[in-house]
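Protein chains in written order, with this note's numbering: chain A, 697 to 1185; chain B, 697 to 1185.
Backbone N, C-alpha and C fix where the C-beta goes; we use that ideal spot for every residue, glycine too.
Structure, as structure tokens:
Number of protein chains: 2
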Amino acid sequence: MEKRLTVYNTLTRRKEVFEPLAPPFAGMYVCGPTVYGDPHLGHARPAITFDLLFRTLQHLGYKTRYVRNITDVGHLENDADEGEDKIAKKARIEQVEPMEIAQFYTDRYHKFMDMLNVMRPSIEPRASGHIIEQINLVEQIFEAGFAYEVNGSVYFDVEKYDKNHHYGRLSGRVLDDLMANTRELDGQQEKRNPFDFALWKKASDEHIMRWPSPWSEGFPGWHLECTAMSTKYLGEEFDIHGGGMDLLFPHHECEIAQSVAATGKQSVRYWMHNNMITINGQKMGKSLGNFITLEEFFTGNHKLLEQSYNPMTIRFFILQAHYRSTLDFSNEALQAADKGLKKLMAATSSIKNLKASDKSSVNIPELSNKCDEALLDDLNSPILIANLFEAVRIINAAKDGKETVSADDIKGLQAIADTFLYEILGLSDAAEGDSDQVLLDGLMNVLIGIRKEARAKKDFATSDKIRDELLAVNIVIKDTKDGAEWSRG
Amino acid sequence: MEKRLTVYNTLTRRKEVFEPLAPPFAGMYVCGPTVYGDPHLGHARPAITFDLLFRTLQHLGYKTRYVRNITDVGHLENDADEGEDKIAKKARIEQVEPMEIAQFYTDRYHKFMDMLNVMRPSIEPRASGHIIEQINLVEQIFEAGFAYEVNGSVYFDVEKYDKNHHYGRLSGRVLDDLMANTRELDGQQEKRNPFDFALWKKASDEHIMRWPSPWSEGFPGWHLECTAMSTKYLGEEFDIHGGGMDLLFPHHECEIAQSVAATGKQSVRYWMHNNMITINGQKMGKSLGNFITLEEFFTGNHKLLEQSYNPMTIRFFILQAHYRSTLDFSNEALQAADKGLKKLMAATSSIKNLKASDKSSVNIPELSNKCDEALLDDLNSPILIANLFEAVRIINAAKDGKETVSADDIKGLQAIADTFLYEILGLSDAAEGDSDQVLLDGLMNVLIGIRKEARAKKDFATSDKIRDELLAVNIVIKDTKDGAEWSRG
């Protein structure tokens, strides 16, 4: 760990050298998905951003525990107006089960994140699986005097908290400005102040997901789960908390307030936020109705898409921008990303074919250092990628005899590709995999055509050679009266 | 749902017509993995058996809710003898975190089940995520008078229960025989009778996973989670409970006792158990040290394996035996399964090439009915597969002109393959997928060799044709001084 990573800390508004609490361990918590809808491009960005951080920390030698939650405490309600039908539905199995919906979208989230080559976090706790911990946290906040109960619901007393501690220190807001900004499901009238937030909500009759608590049968407030689960798995103080910038306020601000109220500790040392994806300058999101799901990107099945895009193209597109910049979606930008990635992959996969010269006309160790510097400078992936394109230029120039590279430098180029392109950026050849079958069929058609022609010309030497060489790769050609058929042996 | 499924009910020891409580809904609960080790062949069998049931129920039109749990309430302990080192470890992140291990093996389990084409269940609840429900269940059993507390631990009073209800009705055992058979972690001395079982255990100082409860800070007994989670997601009474035969006693027996004690209801209507996988006649299992993990099967990296086996070969091997028969592992049996599957796949993938005759010499509707009958007769997959091999015989005979098939019967054959082989047995071509890359490289070598030879013979017509046809499938050939290189366009 000689190399020092710097990260931009939202809390201090500057880049800081990352110094974990208990090296060689590093702990990071990232807000994960709410699993009541299909993952869209707006989910891909934080996942890929903090995947890059996770890979970087591991690359630097930190034993990293990465916790990313699943928000499955939803707000599905039984339909109270079903009348007769409702009476008929007596069995549990006939009712909507929120966990079935949550499981479905959790599995979908995993599937698409796998396609994007996002590594699984070390622990992926579900909010519904940590109700006890959340109730305990409410009790701690109560004992510290920063919570009050109304009709079975418990609220955080922001005004009282702000007297001793600064509410708004993360987001830079001040309490007086916040009157109009709170978001709540209901029960505004129960709160002493509109900017107070719920720690526990009493469930209405229609509310399906509910648990017993000292205050009511109900469910935890939205901000509670992240504080409870990060504390459980990383401790009262831990290194990094990440998430999208849209969560900065009120969610992360409330997390800090909850931690300070319960334990007196700020809990998080480095707050990191990725910026938003925009579409024509507007944030892409469910509430705005302008989001494109990942499945739609991969199939091309959306009115805004001119074509389908490979998951690796999406990953590269996201990494081409620095995580703290906004990233505007367009077909042109994705098509350019696709081209760029292909160029990178074609060049790096041909490093092994380079001819070594006695002397190098290029400085590969320096290039490798520049890659490191870019990565360690607050994960500057666009600069890192620019350096990888310099490697592409060198590789292609060496092929054309315009640059020379020594045997050591060929190894150095390969190490740059292996470390930065494949391992840390997590990119791979977009063309591989799903299109293999199509390609195999295409190649076999070419081969069968050549063989047919050779037979027509009585060139049995060639036709037999093709048959034998295919046998060697386990493909059997069978001549039938309708032409040649092939199968795997 | 005209077709009636019969299943062997362990409870009644006979085949019964499956009649769900609330058609068209069907509910099934299956005991899932304990996620503190890598999945082995013994995990594949119940997963594939109940995957076959899940697919069959859906095929019959039932809206099926399939719940399979993750047992993650483990028994990892902090090392109490670490001395100095332990004192140094103050931060949470420096300690062993059971959930990190559970997450790792949960992800591994999912990965290998996906490779075996086992469908994800509708809900996959974690034991650690349902502590509240388990505590509530203990309280219910307490109130009903079938539990007692000793030193913060709670036990089920089997003797008292047996006076009113028959303990042993599922397994056919009687209480007097059970003295020597209970399995407990510790604390035998606390129990009134050795065959009582723990509902809640007080955690020792070293025990890491622990939750508050009315009796002690501790953790639930092993049998509790399945009763609590099946009740939560399927109701106090539900249709099918499945699992391996090794779980029949004491686990499932105790589940019944817990349900009857808490609610007065038997809860499960059809108990289904898959038999064991043996190796040289002995049960394969972790405790016996003779298990082979799925990864070892897929890589061939185990001293008992002569080669690697494709996941589809493993799936087919398991389905070739009826789920209630033991299945003995051997390389010969797996190699035979591999051959059989290839034969099935080769024949069924060539149905589309069959020439239609005016009349059929075979009876395809009858064959289709036989497939249905086998499936509906307690999921008799070996008979179903035998019928599919009859289809193979017909397909191959039709190709050789020894049988004739009409256009309708060709459609019928295709429907048999689509429904039974692909959809219900969940099989696919073992050779596809992972070996594609190897094959592509092999084919390209053949093509490049032919082109090189053609150029040597000045047959530029052929060499250009190859280049052009490859371009058409998006492969670019570039001639360098070291020979031809190819890349995807």
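Item, Value
"Locate the beta strand (DSSP E) running through K1048/B, then write down its first and last residues.", "First-last for K1048/B: undefined, no H or E at that position."
"Using three-state DSSP, classify Q1003/A as helix, strand or coil.", "coil"
"Whose Cβ in chain B lies nearer than 9 angstroms to the Cβ of Q1031/A?", "The contacting residues do not exist; Q1031/A stays about 14 angstroms from chain B at best."
"So within the stretch 1106-1184 of chain B, which uninterrupted alpha helix (DSSP H) runs reach at least 4 residues, ignoring any that extend past its ends?", "1132-1152, 1156-1168"
"Reducing DSSP to helix, strand and coil, say where L1023/B ends up.", "strand"
"Would you mind stating whether N813/B and G1122/B have Cβ atoms separated by less than 7 angstroms?", "yes"
"Which residues, taken in chain order from the stretch 911-934 of chain B, show a beta carbon closer than 9 angstroms to some beta carbon of chain A?", "T927, K928, Y929, L930, G931, E932, E933, F934"
"If we ignore side chains and look at the alpha-carbon of each, how far apart do L756/B and F714/B end up?", "11 angstroms"
"Run through chain A and tell me which residues come within less than 7 angstroms of D803/B, C-beta to C-beta.", "R816"
"How would you call G864/A, buried or exposed, if buried means at least 16 neighbouring beta carbons within 10 angstroms?", "buried"
"For G939/B and H998/B, I'd like the C-alpha separation in whole angstroms.", "27 angstroms"
"Can a CB atom of chain A be found closer than 7 angstroms to the CB of A907/B?", "Residue identity differs from the one stated: residue 907/B is Trp in this sequence, not Ala. Chain A contact via Cβ: present."
"Using a C-beta cutoff of 7 angstroms, does R761/A count as contacting chain B?", "yes"
"Measuring only the C-alpha atoms, how far is K1048/B from K1055/B?", "18 angstroms"
"Write down the C-beta distance between L1080/A and A1070/A rounded to the nearest angstrom, noting that I regard them as a contact closer than 8 angstroms.", "4 angstroms"
"Identify which residue in F842/A, E796/A, K928/A has its Cα closest to the Cα of K928/B.", "E796/A"
"Since I819/A meets chain B, which of its residues come closer than 8 angstroms, beta carbon to beta carbon?", "E793, M795, E796, Q799"
"Would you identify the three-state DSSP class for F987/B, choosing helix, strand or coil?", "coil"
"Which residues mark the beginning and the end of the beta strand (DSSP E) in which P916/A is found?", "914-916"
"Give me the chain A residues within the contact set of V1142/B, using Cβ-Cβ distance strictly less than 8 angstroms, ordered along the chain.", "L1143, I1162, E1165, L1166, V1169"
"What's the gap between the Cα of H969/B and the Cα of M925/B?", "19 angstroms"
"DSSP puts I1014/B in a beta bridge; with which residues?", "Looking at the DSSP assignment, I1014/B forms no beta bridge with any residue, so it has no partner."
"F808/A and P716/A - do their beta-carbons sit closer together than 7 angstroms?", "no"
"Taking one C-beta from the stretch 912-926 of chain B and one from the stretch 822-830 of chain B each time, how about it: are there three or more such pairs within less than 8 angstroms?", "yes"
"Since V731/A contacts T802/A with CB under 8 angstroms, what's their CB separation in whole angstroms?", "5 angstroms"
"Nearest to R1251/B by alpha carbon, out of R709/B, K887/B, T752/B?", "Residue 1251/B falls outside the range modelled here, since chain B spans only 697 to 1185, and no answer is possible."
"Going by C-alpha distance, which of G996/B, F994/B, I973/B, T995/B is nearest N986/B?", "I973/B"
"Report all residues from its chain with a CB closer than 6 angstroms to the CB of V834/A; omit the five preceding and five following residues, and keep chain order.", "V850, L895, W896"
"Could you name the residues that DSSP lists as bridge partners for H736/A?", "T989/A"
"Pick out the complete beta strand (DSSP E) segments inside the stretch 845-869 of chain B, 3 residues or longer, and give them in chain order.", "849-852"
"With a threshold of 7 angstroms between beta carbons, is G733/A in contact with chain B?", "no"
"Nearest chain B C-beta to G1122/A closer than 7 angstroms, yes or no?", "no"
"Looking at V956/B and H937/B, is the spacing between their C-beta atoms short of 7 angstroms?", "no"
"What in chain B is Cβ-close to R822/A, meaning under 8 angstroms?", "R822, G825"
"Please state whether DSSP places E712/B in a helix, a strand or coil.", "strand"
"Could you tell me which chain A residues have their CB closer than 9 angstroms to the CB of E1181/B, listed as they occur along the chain?", "S1046, N1049"
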